[in-house]
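Report on the structure given below.
Residue numbers (this note's numbering): 583 to 670.
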């Protein structure tokens, strides 16, 4: 299976912990590839790391992705609710 990547992205910045870069890549990746693509897993992993570091924008993108994913995977709604109330 061929995996497409999100072109023209600063992956090093995203995986290096730059929240703005990670958010930009995640939004672009979600728009282009949806929720059922390996690229999405990679971009959401970068967002998760930034959210765990306390970045509020990354947290909101993660919550949004979980809300969308909950339509096909009900467990994601529980995770979304936990993320809504988590304080760092």
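Glycine residues also receive a C-beta, built at the ideal position from the N, C-alpha and C atoms.
What did DSSP end up calling residue i once you bin it into helix, strand or coil?
i	result
residue 613	helix
residue 585	The predicted model places residue 585 with a pLDDT of 48, which falls under 50 and marks its position as unreliable; any figure quoted below should be read in that light. The answer is coil: DSSP assigns residue 585 none of H, G, I, E or B.
For the putative contact between residue i and residue j, defined by C-beta atoms under 8 Å, what is the C-beta separation to the nearest angstrom?
i	j	result
residue 603	residue 612	At roughly 15 Å, the Cβ-Cβ gap does not stay under 8 Å, so residue 603 and residue 612 are not in contact.
Is residue i near residue j, with beta carbons less than 8 Å apart?
i	j	result
residue 608	residue 628	yes
residue 640	residue 597	no
residue 635	residue 599	yes
residue 652	residue 626	no
residue 650	residue 617	yes
residue 637	residue 601	yes
Considering only C-alpha positions, which residue in the set the options is nearest to residue i?
i	options	result
residue 666	656, 616 and 643	643
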